[in-house]
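Protein chains in written order, with the numbering used here: chain X, 100 to 203; chain V, 46 to 555; chain P, 24 to 828. Below is one structure, written out as structure tokens, with a few remarks after it.
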Amino acid sequence: MYLTQYLLLAAVLFCIGVYGVLTRRNGVMVLMSIELILNAVNINMVAFGVFNHVDGQAQVGGAVFALFIIAVAAAEVGVGLAIVLLIYRNRQSIDVSEASLMKG
Amino acid sequence: MTEFLNDWGITVLVFLPLVGALLMMFIPAKDEESHKLIALLTTVATALVGIALFSEFDFDRTADLQFDVNTSWISVVNANYHVAIDGMSLPLIALTLLVVPLVIIYSWNHIPDPGNAKMFLMLILVLHTGMLGSFVAQDIVLFFVFFEVVLLPMYFMIGVWGGPDRLYASIKFFLYTLFGSALMLVAFLALYWNTGSQTFDMQELASLVAERDIPLGTQVLIFGGMFLGFGIKVPMFPFHTWLPDAHTQAPTQGSVILAAVLLKLGTYGFVRIAIPILPEAAVEWAPWIGLLAVIGIIYGALGCLAQTDMKRLIAFSSVAHMGYVMLGIATLTPFGINAAIFGMVAHGLITGMLFFIAGSVKDRYHTLEIKRLGGLLVQAPKMGWILGFCTMASLGLPGLAGFWGEFPAILAAYNPADGVSTSLFRVYMVIAAIGTVFAAGYLLWLLQRTAFGTPSDEFADDPEITDMNMTEWIAWTPFLVLIVLFGFVPGIIFDITDGAVVESLKTLAR
Amino acid sequence: MSVFSSATSIFAAAASDESFQPSDWLFENVWIVPAIMLASFVYILLFGKTFPGKDRVHFVGLTAISAALAISLLTAFTWITQYEGEQGDHSAQTSAFVDPSIVTAVDADEEGDKAKDSSRGCLAESNVVGDLRASDDEYALGSLLLNDIGSAELAVDAGEDGKGAGHIKAKPVVRCLEWFSTGSFGGESATGDTLKFHIGTIADGQSIMMLVVVTFISFLVHLYSTEYVKGDRRYVHYYAFLSLFTASMLFMVLSSSTLQLIVGWELVGVCSFGLIGHWWEEKPNSDAALKAFLTNRVGDIGLLVGMIVLFFGAGQTFDIQTINYLAVHGGLSQTTMTVAALCLMTAVMSKSGQFILHTWLPDAMAGPTPVSALIHAATMVVAGVYMIGRLYPVFWFGMSIEGSPINALAFVGALTVVGGGALAFVQNDVKKVLAYSTVSQLGYMVLALGVGAYTAGMFHLFTHAFFKACLFLGAGALSHACHHSFDMKAEMGGLRKRMPVTFATFMIGTLALVGVFPFAGFWSKDEILVGTGGFPSTNANGNYTLLLIMGLIGAAMTAGYMTRVIWLVFFGEYRGHVDPHDPPPVMKYPLIILAGLSVVTGFLNFPADWFGGLGSRFGLKFEQWVEPPRGDTFPVITHGDSNFLLAVIASAVGVASAALVWTYYQKLYAKDPSATEVTEGLRSKNKLAAGGYALLENKYYLDDLYQGGIADPMKGPIARAAYWLNQNVIDEVVNTAGRTSAMLGRFVYRYIDQGAIDGSVNLSGTSASESGGLLRKVQTGRVRNYASLMFGAAALLAAVFILAI
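Dropping the structure here:
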């Protein structure tokens, strides 16, 4: 097994996620795409952790980071869904291209 | 009394109008009558102070600075509060003291739109202080301050109470003059540094310049700065274009003050500051000043012939008349400068009067377009004759004041001071003499088209067109009397100015 | 001083006439005369409208002018008495030569002491200046040379001529007061010398003669006007102006300095303006007034410049006697005098209606007729002639009159005689004929002065005043009777029987004008012709033969056009529509008085060799009374010898011309009694004649030239061009400067201040949001955009990392 294979997988996953975030107008789909991105990161983390030997010993740091990210992602999805829900309530739509509240 | 006048006379004279203006601040704007009264009383009181000063003035030694007050003011730069009167400034102070109360009397029932007598009269009073201050200042920083104080009230008078194009005119007036003053200030500072930065006092500067041996080139440059500052104010060709606009748009009172006094600040600056302090540079500049003066004479006259608006015509005539004054100054001879000062007073009285008439015509006809006027003599005979009288005075008829500003200036040009090209000035003399024909031409043409003939149908039965009213009589009579008086007894002014003028040119003779 | 006075004493004694100093309270106080008239003017001006019954305002003017006339006559009488008295004394005492450098009043009483001092002061001081001038070598040399010639001349004069021998001339009485003083001019004078300007009076033959003429004609005109202008719309103004005019004319006449002369000169011009434009409601009248004033102003350029040249030439003084004295004694350089004389000649040309500046004078007839008589015929228009006389030495030397065949002044005069006379032939308006006749006669006066016949010129001025006033007032009477028209062809004819008094007086005036023996004009014109020296053995100052011929042609023309007037007005058939009759007494008596004077005044100066012994006893009185002593402040001129043959020739030419015109009209009358001109005359047959007529009819096209060539372009294109220049060039520079700085300001504000400086600190506050204009476009608020940006940026960074590492 090579590290490169994991990294390629992660990269593909990341790109799919990015594609999803940029093209999907549906808020839920965007959130899901973000999950893809995060999980691509997780794969990287774990892969680096496993392949990075110090004194012939694999490290757990990567796996720990991945766990943190999973936890934060869960929270983020929770908040994100709540926002999407509120947007739907206000606008009867979850099309993100219509939501430009971030404009100063 | 004498002691008080010696120590405080001039200060009271200069700042009394300001006190009046302060007093008016505390009275509500609605009470117009008391505003008029206060303004009138203030100016009359100022004039009385002036009369008291003149009665104490020693006319046997007009060359000396009298009622001299010299105290430290801005000690960091050695600028002093130095005020005094001598024969050169006295006629102009007297003119100012006369004109302003009469303008206020005229304002009694001629407050221009949009009203607000309070502000209007307060501005006139501030203007009064500025003008008097400029004429008494003997320190160039002090002079500069007063010179600038004059600007602002005039700017507002034109900008607020002016004609339809008032904003353009007022900004042009303000910026143009300010532009000149800026260069003038540079010149003053250059003078200050070059003389060893000891003083801003006019007389001390004059002797310092002579002592210090400043290179002629530097002197010429410094003179150039002053020339622009004063020349714009005069106004000399080709810096005159602010004048017709300012005059045309200004309310009558503004025009009168502008013509009668403000323009004289420029010429006064030449004879009081520029020439005595920098005599050698003056000799270098004289041919150019003379040239611009005679161009102004002919050019102003041609400009007049092209006008269709009475007030604008009178404004343009100022360019021509101030050309004679500047020609007299450019000769750098006592005779020429005496003539110039006479010319200033005469022009103040005559052109001031013409603007008064133009204002009154406008009140009655609501237009100053020459084509539509005519037959003033039929509808308002007295005013028509006064217009005739003033045009005669303005074209330099002997026996009236205008002549003594014009003819002696032409005479002086025959024989300018040493070092100034005589043949060149003789050419100027002939051109200036030809200018008198033009002057007669445009003024009589104006008279013919406005006063002679019969009124047009448009105004034939207009009940608003009445002859002179009381305030006009009161405001105008002193002008008319003085025009005749100075015409027959020119010595009144020549005797006063002569000593001071000769004294001021002593630096030139060295 | 020494050079100067020695030169004077050596030669002056030889060259000068003997002279004495007349003195009288009146001579020193002649200023009273103009003062009375001025007072009258002020009174009428202030109280005229409220005068009890404003139709009677003429009482004020009449009273004043009567007083002025009385004083003038008294002054003249005193002058003559003193002169004649002195002649008697003179036979007893041989020499009455007085130091010529002091020309001043000798005061009998203590009161006069002041006057004496001031007049001495006035002249003594300027003589000091003169000394300075003369002590200059060049001037002293000039002085010697000139006096040399002068003395040689006089030797001939006194030896052969004998006229003036045995007479001692009266010196002018000068009185001046300091008017004002100012600092002087550059050079040494800048040290504080003061220039003093004087105002004063000169009483001498010339000014007293003029005083009498002006007050006398003015008096008659005042009287005449009470009827003529009765009920006029501006009766009060009319009388006010008459008074002012008389006052300023007298002021000018009496002036002792050229400055004062300028003042008076211009003041009469204004009065003339006011009176020509008296009926200013009609545009032609005010046009004529403007034209008169402006034409005079053109001449005034010459006056101003000429006086200035003299002022400096004479060592900075305006004093007339000093200038004259210096001119006679070589204190003025030839160039100065020539330039001054030429400049002053321009002034004369405009004021005295000389060719080519005469065009205003006929137009000036737009004023009321009595005014035309007073101002535009008898008094004001001769101001120029008077001025030449006043400064005669300047003209004498400046124009080099002596011994010359031609000079500018005389030529202009002669040209005016002929040119003006020719124009008089084609006028249909009786006043216009008289106006051109005035032009022509003024030409005679200038011609006379130009050829050195001073007395003849002054004498013609004197006689002309009476007969021309007579003719003008007569024309006024005609118009008064004929429906206020002056048209000879349409409204007159055959008035001889209807208006006998007018006819008689007009006829006398005409005879005097034409110069028929023994009427006034005969004597004065004859003297002028003699004075030209063109006729053999007249022994005058020069040999102006050409000018003599022109003068004779002028005489023929005068006779011709006046005959035409007489025929058209008084003979033939009446062509008008009203019933004309003689005017009422106040108009009639002035006519009669003037006609009487037109007959007799000529005898004041008949030649010494006429009428046997009478001539040497009573002849040449005018000359003796009026001409100043020669050689002091007056050049040593020669008087021509009168010539009987010349007088005959001049008369014959006139008679022939008159006869020719008369025959023409007689023939015409025989054909058709109401005709005024031949229908198929020379004009329709001959091209040259037609062209000549057109030239005359259009007044030599001078008016068109002035109007079309000068006035209109000035008023129109040139003025507009100048104004265009002003608005579009000079002002445009200002405006462009203003606009450019405003633009520059905006640029600086927007791009430098707000863009660069402020933009660079946009991390903070509102300035950040202002400057974020560009970034705002990015900030769409859409998360997707942000994300794409973020990813794009990340990719970019990644690329950078990869490439960099």
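Using N, Cα and C, we set each Cβ at its ideal position, and we do this for glycine too. Quick caveat, the model's predicted, so the values are computed rather than measured.
- Message: Alpha carbons only, please: which of X:Phe150, X:His152 and X:Leu137 is nearest the one belonging to Ala165 of chain X?
- Response: X:Leu137
- Message: Rounded to whole angstroms, what is the Cα-Cα separation between Ser621 of chain P and Met422 of chain P?
- Response: Whole-angstrom Cα-Cα distance: 33 angstroms.
- Note down, in chain order, each residue of its chain lying with its Cβ closer than 6 angstroms to the Cβ of Asp290 of chain V, except the 5 sequence neighbours on either side. Ala214 and Lys217
- Quick one: residues in its chain with C-beta nearer than 7 angstroms to the C-beta of Ala821 of chain P, no 5 flanking neighbours on either side, listed in chain order? none
- Sequence-distant residues of the same chain with beta carbon closer than 7 angstroms to Phe539 of chain V, five excluded per side: Asn383 and Phe387
- Message: Quick test of your reading: Glu250 of chain P and Pro607 of chain P, contact by CB under 8 angstroms. State the CB separation rounded to the nearest angstrom.
- Response: Indeed, because the Cβ distance is near 6 angstroms, the residues count as touching under 8 angstroms.
- Task: Starting from the N-terminal side, write out each stretch of the beta strand (DSSP E) that is 3 residues or longer and does not extend beyond the stretch 534-583 of chain P.
- Result: none
- With 16 other Cβ atoms within 10 Å as the buried cut-off, status of Leu12 of chain V: Here chain V has residues from 46 to 555 only, and residue 12 of chain V is not among them.
- Item | Helix, strand or coil at Gly353 of chain P according to DSSP, with G and I counted as helix | coil
- How big is the Cα-Cα spacing for Val194 of chain V and Leu187 of chain V? 11 angstroms
- Message: Strictly under 8 angstroms for the Cβ-Cβ distance: is Ser192 of chain X near chain P by that measure?
- Response: no
- Report all residues from its chain with a CB closer than 6 angstroms to the CB of Ala447 of chain P; omit the five preceding and five following residues, and keep chain order. Excluding residues within five positions, the ones whose Cβ falls inside 6 angstroms are Val456, Tyr459, Ser460 and Tyr584.
- Message: Quick check on Ser373 of chain P: buried or exposed, where buried means 16 or more other Cβ atoms within 10 Å of its Cβ?
- Response: buried
- Query: Going by the beta-carbon positions, is the gap between Val265 of chain V and Val181 of chain V smaller than 8 angstroms?
  - Reply: Cβ atoms of Val265 of chain V and Val181 of chain V: not closer than 8 angstroms.
- Message: Give the list of continuous alpha helix (DSSP H) stretches no shorter than 4 residues that lie fully inside the stretch 474-541 of chain P.
- Response: 477-504, 511-514, 518-521 and 523-537
- Message: If I measure Cβ to Cβ from Ala326 of chain V and keep anything under 6 angstroms in the same chain, skipping five residues before and after, which residues do I get?
- Response: Gln264, Val265 and Phe268
- Item | CA-to-CA distance, Gly161 of chain X to Met144 of chain X, given in whole angstroms | Near 5 angstroms, if we compare the C-alpha coordinates of Gly161 of chain X and Met144 of chain X.
- Query: Which whole-angstrom value describes the C-beta separation of Ala270 of chain P and Met530 of chain P, a residue pair presumed to lie in contact below a C-beta threshold of 8 angstroms?
  - Reply: Contact doesn't hold; Cβ gap of about 34 angstroms is too wide.
- Does the beta carbon of Ala810 of chain P come closer than 8 angstroms to any beta carbon on chain X? Ala810 of chain P counts as touching chain X.
- Query: For Glu256 of chain V, which residues does DSSP report across the bridge?
  - Reply: Answer is none; Glu256 of chain V lacks a bridge partner.
- Query: Taking one C-beta from the stretch 578-597 of chain P and one from the stretch 675-688 of chain P each time, how about it: are there three or more such pairs within less than 8 angstroms?
  - Reply: With a cut-off of 8 angstroms, the stretch 675-688 of chain P and the stretch 578-597 of chain P count as touching, because enough Cβ pairs lie within range.
- Residues sharing a beta bridge with Ser280 of chain P, DSSP: Bridge partners of Ser280 of chain P: P:Asp342.
- For chain P, is any of its Cβ atoms less than 8 angstroms away from the one on Leu137 of chain X? By this cut-off, Leu137 of chain X is not an interface position.
- Taking 8 angstroms as the cut-off, decide whether the C-beta atoms of Val273 of chain P and Val56 of chain P are in contact. The residue you asked about is not Val; residue 273 of chain P is Leu in the sequence shown. Going by C-beta atoms, Leu273 of chain P is nearer than 8 angstroms to Val56 of chain P.
- What residues in the stretch 519-552 of chain V have a beta carbon less than 7 angstroms from any beta carbon of chain P? Those residues of the stretch 519-552 of chain V that come within reach of chain P (Cβ to Cβ, closer than 7 angstroms) are Pro535, Gly536, Phe539, Asp540, Asp543, Val546, Val547 and Leu550.
- Query: Would you call the CB atoms of Ile556 of chain V and Ile119 of chain V closer than 8 angstroms?
  - Reply: Only positions 46 to 555 of chain V appear in this structure, which leaves residue 556 of chain V out of reach.
- Task: With a 10 Å radius around its C-beta and 16 neighbouring C-beta atoms as the bar for buried, classify Ala157 of chain X as buried or exposed.
- Result: Exposed.
- Pick from V:Tyr237, V:Pro159 and V:Ala351: whose alpha carbon is nearest that of Trp490 of chain V? V:Ala351
- Message: Helix, strand or coil for Asp52 of chain V? Go by DSSP, reduced to three states.
- Response: helix
- Residues near Gly599 of chain P by beta carbon distance below 7 angstroms, same chain, minus five either side: If we look at Gly599 of chain P and ignore the five residues flanking it on each side, its Cβ neighbours are Cys505, His506, Glu514 and Met515.
- Message: Buried or exposed for Thr759 of chain P, going by 16 or more other Cβ atoms inside 10 Å?
- Response: Classification for Thr759 of chain P: exposed.
- Query: What is the DSSP secondary structure of Lys694 of chain P, counted as helix, strand or coil?
  - Reply: In the three-state reduction of the DSSP assignment, Lys694 of chain P falls in the helix class, which pools H, G and I.
- Under 9 angstroms from the C-beta of Gly132 of chain V: neighbouring residues of chain P: In chain order: nothing, as chain P lies at least about 11 angstroms away.
- Leaving out the 5 sequence neighbours to the left and right, which residues in its chain are closer than 7 angstroms to Asn451 of chain P when beta-carbon positions are compared? Cβ neighbours of Asn451 of chain P beyond the five flanking positions: Asp510, Met511 and Lys512.
- Item | Chain-ordered chain X contacts of Val752 of chain P [CB-CB under 8 angstroms] | Those within 8 angstroms of Val752 of chain P in chain X number zero; the least Cβ separation is about 51 angstroms.
- Message: Between the stretch 507-516 of chain V and the stretch 404-415 of chain V, can you find at least three pairs of beta-carbon atoms closer than 8 angstroms?
- Response: yes
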